[in-house]
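Peer 1: If you read the sequences in order, they're chains A and B. With our numbering applied, the first sequence closes on residue 793, and no number is skipped along the way. With our numbering applied, the second sequence closes on residue 1340, and no number is skipped along the way. Before I ask anything, let me first share the structure, which is written out below as structure tokens.
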Amino acid sequence: MKLPIGWLNDYVSTEGITPEELADKLLNIGFEVEEIIHTGEGIDRVVTGKILNIQKHPDADKLSVCKVDVGSESLTIVTGAKNISVGNTVPVALDGATLPNGVRITASPLRGVMSYGMLCSGAELGVDDNVIEGAEVNGILLLPNITPGTDIKDALRLNETVLDISVTANRPDCQCVYGMAREIAAMLGKKLKPLNLKHASVEYAQTPTVEVKDDACSRYTCNVISDVKIKKSPEWLRDRLRYVGIRPINNVVDITNYVLAEVGQPLHAFDTSFVSKLGIIVRKAENGEQITALDERTYTLNNNMLVIADNEKALAIAGVMGGEYSGITDATRNVLLESARFAKGNIRSTSRALGLRSDSSARYEKGVDYESVDIGRERALALFSMLKAGKVTCAFAAENRVKPQTKKIKTSAKKISELLGIEVKPNVVAKILKALTFKVETGGDNLTVEAPLFREDIENYTDLAEEVIRFYGYDNIKSTFMPSAKTTAGGLDTRQRNIDFLKSLACGLGAYEISTYSFIAKKTADKLNLPQDSVLRKQIELLNPLSDEYAVMRTQLASSMLNVVAHNFSKKNKDFRLFEVGKTYIAQELPLKELPQEHDTLCMAFTGEQESFYTMKYAVKEILRRFAVAPEKVEYGKKSYYHPGISCEYYLNGASFCSFGKLHPLVAKNYGISNDVYICEMNLNGFISREIPNVKFAPLPKYQTVERDLAVIVREEVPAGDIIKTAKNADPLCVHAELFDVYRGEQIEAGHKSVALSFTLSSPEKTLAEEEITTAFNNVLYSLEREFGAKLR
Amino acid sequence: MEESVKILTDESEAKISSCATISDLNDIRVRVLGKNGELTALLKSMKDLPPEKRPQAGKIVNAAREKLEQAIAARQAELEQIELDKRLRDEKIDISIDMRQPASGGLHPLTIMRNRITEFFSSLGFVIADSPEIETDYYNFEALNIPADHPAREMQDTFFITENILLRSQTSAGQVRMMEKVKPPIKMLSPGRVFRADEADATHSPVFHQVEGLVVDKGITMCDLKGILDLFAQKFFGKNTKTRFRPSYFPFTEPSVEVDASCSQCGGKGCRVCKGTGWIEILGAGMVNRNVLQNCGINPDEYTGFAFGVGLDRITNIIFGINSLRTVFENDVRFLKQFN
């Protein structure tokens, strides 16, 4: 909210306190001053000047050369303006002046004649007719007779300081000048001056009636002002509206806006001639009921929306905007002034649903309290009276649909002190609360506190504790270390520890961790060439996404990873390993009826000259080994975004939980990727929460191990991995076997290949004898012959 | 005889000292001292001497042998040293060259900072807790004292999936789940991903991370909150860091505060980092609202507690001097490598 210092001073004196000091103090009681605005900021070295004479420019038909008295001296100034004459007072930008649009004025020759400044228009000074009549004419701003040399900021009243204050959502009562004045008075220990609510009332022929039919309007009041004279508001009032960012319109509208800014009560003025029988009905709209509002647009309402109506038609969308015919025009004679309280939730949903916001709806959404309905109305009537804008009449009507309850809180200074952790004496508590206009009864340490009605945020003693410490000062809170708390055992659970371990493994494998958004584009499914019936297409959609790019929750991490890979390629980064551990979101049914499953998932991507399917396979197996996970089954990859012949799936508990391999060339193309990329996705749910079993130490072999090599010829389709596995199981002495070569060539029969492996023989009991070694070797060979029809090469 | 020994000794000594390789030296040894060597031959010729001269001659020959053996050993050591020096010289490489090796990878800066924070609070007895990222309205709002028409729902624009299911906009949602399951004493830290409908720019991201702390026990006070946060600030922003509480508003705490740390860059004098104020806003905190305790079945007249919420991305950026949140989610490898 915007708080002009001059306006504030009407209610509490801040004399001797700079705006900066005020801002610091306000921060300590919970109000952050976001900006200290000096109106007229940007204008420097612009003064009033009197034109002494005007001559034609010797070399330019369209220019004139003026002599201008600027107080201390008279200057020669060249101008192109046509609307000036000798004796006019005008704004003069001196040599070195700056204007609000950032322009700097320097003395310089114009067509051969030195000009020592510039005569300014209203637009050049950033002012309009609301600041001074004539500011919007095409030409130089002609001022009334003001002493030459007067700073233009003083001449045009551009010298106010305005604090732009951020008010937290629990304090709607501080969204107005008087509310802030109340806090500042308490803060400075000064008296809060009362509002002027004085006005006389005259008789009026007709008495209005009010009928409230819905609880969303808890209180409705209205009062007739007769013989209204629509005119411009006085300068001081227009100035103040400008300072708070409201455009002055006419005296009636300005008064309602002034009251809104000053006491926070939205008001609405109806022309009485459009209110049938002066009978106001506050009701819910009919479904489909239409109203054309002051903005000349027609809105279709529903039965959650509140309207102000007479017995024939809706006059206004309650709290949001008036109807076009009920508004104030130059012909308006009598005004029915509404001051009411509507439920904030109702106004918010109406405003949202209609896409229609106004100063009034914005204020109602924050919450208008019960008492300000009367204060606001009386303040407006006082202003009508003071400005002679019309005759305040006795024609008044009101209905209280829902009565407010005053809240009495019984507590003690001890309780408040116990929450704060420092001792605050009962008299200090009482003093602070009283300064904030709370009613306080003390009895020893006990306190009975009644919060004013405008403090709807106050519910219990903790709220009072906050009020106390705000003004007592947070500086008084000391550091303690939970002397009364029990000791607890902290730390990570198994799953969290395992995820950290997994990340350290991935780092050890040379991968860098990335972090990407959890939502992705819906069309990602197509980019990954997912089949129409793929479960990965069961994506949870957001109702209000930021854009199509971030519209659904991801069911896989690969697409985010590929975006990052592509981004890195575009930055000429190559040869890298990346990983991410994140959630995938799996819906049981769509649309969601219950919370979806969130699966911990690992995704890796390897790319670079040294990378292959096998480097990725090594990484995957290394991770699984460290988590003691043995896949039940291995198959060639089935996912649409992997190369079908260079990828595979691992199974656990009957389901594929891990897939990895080379990116499918078509998907690579969709992502604009031309280098080879190997990716892996692993659903961690099956094992990540499981404690990794303790290692059982195996004694190191005491006796020498023996190594033997073996090359066999098998049919092409026999997987080399199966040969190794069979070799390992062929004899108890065989403790290790590994592949060292696969050869296809002239010496080998077509459709066959030579597989060379080396295996290690060892016994825990003795050094192996030659015949034992031969037997083991033969066992390996026999097994391979039996299983695969292998022949010794 | 004596003459011959002397001549042989002098000649051999000259050869030994001038020989250039160990194999030449060996040749000399064999030629002079070997079984058929020249000195050995002289020794053998002693049998032609009269017996009374033989002892004297034997002495002379043995002395010469000893002398030559020493000379050979000394030269051998010299030559070995020369050879070693040469070899080491020849093996010299260009140490300015860098060779590509499999790198060790590394964690994302957000994880690094998250780990530091969880470690710190674990050591103070805080349990690390996780909760769902897709939440119900109840846990994200209602149980946190934010009913349907509450102004706090205006403060943050939430992503919705259905009327009742949403992306959590604050890790505080996990507070309630914790307190429903576990009764005091509670010390919990819940780091996690949260979502708000903000367009991405240097300081905003629709996806970001919070670390939520919660303590509930008998007699917990605002001074205890200050104590923990002072420790936290000193740990992460330096020993001399001070904290400042400013009144604020969160529906789930009362009283509520914003917490500033004195700027570690300028020590509180005011600089670009702290925008001239000397303070950097680091987190929001407060005493757990009675209604929230009640919603979780904890008696607020028996227990009190505090909660705080740190913006992990913000802290990470401050500590590492990262100037844009966008960079954090771009994952450029050159960026990732800087932290590892």
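Here a beta-carbon is modelled for each residue, glycine too, at the ideal position from N, C-alpha and C. Just so we're clear, the structure is a prediction, and the values are computed from it rather than from any experiment.
For the candidate residues A:Asp151, A:Tyr641 and A:Lys431, whose alpha-carbon lies nearest to that of Ser72 of chain A?
Peer 2: A:Asp151
Peer 1: Only counting the same chain, and skipping five residues up and downstream in sequence, which positions put a Cβ closer than 6 Å to that of Arg357 of chain A?
Peer 2: Cβ neighbours of Arg357 of chain A within its own chain (closer than 6 Å, five residues either side excluded): Ser351.
Peer 1: According to DSSP, simplified to helix, strand and coil, what is Thr833 of chain A?
Peer 2: Since the first residue of chain A shown is 1 and the last is 793, residue 833 of chain A is not available in this structure.
Peer 1: Whose C-beta lies closer than 6 Å to the C-beta of Ile281 of chain A among residues of the same chain, with five residues either side of it excluded?
Peer 2: Glu211 and Ala309
Peer 1: Looking at Ile688 of chain A: is its Cβ nearer than 8 Å to the Cβ of Asp600 of chain A?
Peer 2: yes
Peer 1: Does the beta-carbon distance from Lys696 of chain A to Asp676 of chain A come in below 8 Å?
Peer 2: no
Peer 1: Taking contact to mean 3 or more Cβ pairs, one atom from each stretch, closer than 8 Å, check whether the region 514 to 522 of chain A and the region 1262 to 1273 of chain B are in contact.
Peer 2: no
Peer 1: Which residues of the region 456 to 472 of chain A have a Cβ closer than 7 Å to any Cβ of chain B? Give them in chain order.
Peer 2: Hits within the stretch, in order: Asn460, Thr462, Asp463, Ala465, Glu466, Ile469 and Arg470.
Peer 1: Strictly under 8 Å for the Cβ-Cβ distance: is Thr1136 of chain B near chain A by that measure?
Peer 2: yes
Peer 1: With a threshold of 8 Å between beta-carbons, can Thr1304 of chain B be considered close to chain A, or not?
Peer 2: yes
Peer 1: Around the C-beta of Pro248 of chain A, are 16 or more other C-beta atoms found within 10 angstroms, so that it is buried, or is it exposed?
Peer 2: buried
Peer 1: Verify whether the separation of the beta carbon atoms of Pro19 of chain A and Ile29 of chain A is less than 8 Å.
Peer 2: Ile29 of chain A is positioned such that its CB atom lies no closer than 8 Å to that of Pro19 of chain A.
Peer 1: Could you give the distance in angstroms between the alpha-carbon of Leu792 of chain A and the alpha-carbon of Gly721 of chain A?
Peer 2: 18 Å
Peer 1: Could you give the first and the last residue of the continuous beta strand (DSSP E) run that contains Leu336 of chain A?
Peer 2: Per DSSP, Leu336 of chain A belongs to the beta strand (DSSP E) from Val335 to Phe342.
Peer 1: Do Ala314 of chain A and Glu289 of chain A have their C-beta atoms closer together than 8 Å?
Peer 2: Against a cut-off of 8 Å, the Cβ pair of Glu289 of chain A and Ala314 of chain A comes out as a contact.
Peer 1: Quick check on this structure: which residue in A:Phe270, A:Ser85 and A:Thr48 has the alpha carbon closest to the alpha carbon of Asn145 of chain A?
Peer 2: The shortest Cα separation from Asn145 of chain A among A:Phe270, A:Ser85 and A:Thr48 belongs to A:Thr48.
Peer 1: Quick check on DSSP: helix, strand or coil for Pro693 of chain A?
Peer 2: Collapsing the DSSP output to three states places Pro693 of chain A in coil.
Peer 1: Relative to the C-alpha of Ala186 of chain A, which residue among A:Lys431, A:Phe569, A:Trp7 and A:Asn9 is closest?
Peer 2: It is A:Lys431.
Peer 1: When you compare only the Cα positions, how much space is there between Glu1199 of chain B and Val1207 of chain B?
Peer 2: 10 Å
Peer 1: Is there a C-beta anywhere in chain B that falls below 8 Å from the one on Ile520 of chain A?
Peer 2: no
Peer 1: My parser needs the alpha helix (DSSP H) runs of 4 or more residues fully inside the region 306 to 388 of chain A; what are they?
Peer 2: 344 to 354, 359 to 366 and 372 to 387
Peer 1: Helix, strand or coil: which one does DSSP assign to Glu1013 of chain B?
Peer 2: helix
Peer 1: Name the DSSP bridge partner or partners of Ser108 of chain A?
Peer 2: Residue pairing from DSSP places Ser108 of chain A in a beta bridge opposite A:Ser115.
Peer 1: Assuming the contact rule is C-beta atoms closer than 8 Å, Leu1166 of chain B and Asp1137 of chain B should be a hit. Round their C-beta distance to whole Å, please.
Peer 2: 6 Å
Peer 1: Which whole-angstrom value is the C-beta distance of Ser1012 of chain B and Leu1068 of chain B, which I expect to be below 8 Å?
Peer 2: By a beta-carbon distance limit of 8 Å, Ser1012 of chain B contacts Leu1068 of chain B. Their separation comes to about 6 Å.
Peer 1: Compute the Euclidean distance between the alpha carbons of Ile493 of chain A and Leu530 of chain A, then round it to the nearest angstrom.
Peer 2: For the record, residue 493 of chain A in the displayed sequence is Asp; it is not Ile. In this structure, the alpha-carbon of Asp493 of chain A lies about 36 Å from that of Leu530 of chain A.
Peer 1: Straight-line CA distance for Asn568 of chain A to Ser560 of chain A?
Peer 2: 13 Å
Peer 1: Within the continuous alpha helix (DSSP H) that includes Cys507 of chain A, where are the two ends?
Peer 2: Thr494 to Gly508
Peer 1: Within 10 Å of its beta-carbon, does Arg1089 of chain B have 16 or more other beta-carbons around it, so buried, or fewer, so exposed?
Peer 2: exposed
Peer 1: Mapping the DSSP letters down to three states, classify Ser417 of chain A as helix, strand or coil.
Peer 2: helix
Peer 1: I'd like the list of long-range same chain contacts for Leu557 of chain A, defined as Cβ closer than 7 Å, with 5 residues on each side in sequence excluded.
Peer 2: Glu580, Gly582, Thr584, Thr601, Cys603 and Glu681
Peer 1: Could you give the distance in angstroms between the alpha-carbon of Tyr651 of chain A and the alpha-carbon of Glu611 of chain A?
Peer 2: 24 Å
Peer 1: Within the same chain, show all residues whose beta-carbon is closer than 8 Å to that of Lys523 of chain A, passing over the 5 residues directly before and after it, in chain order.
Peer 2: Asp548
Peer 1: Using only the alpha-carbon positions, how far apart do Leu188 of chain A and Ala340 of chain A sit?
Peer 2: 32 Å
Peer 1: Taking Asp463 of chain A as part of the alpha helix (DSSP H), name the residues at either end of that continuous run.
Peer 2: Tyr461 to Tyr472
Peer 1: So if I threshold CB-CB distances at 9 Å, which residues from the region 601 to 612 of chain A count as touching chain B?
Peer 2: Gln610
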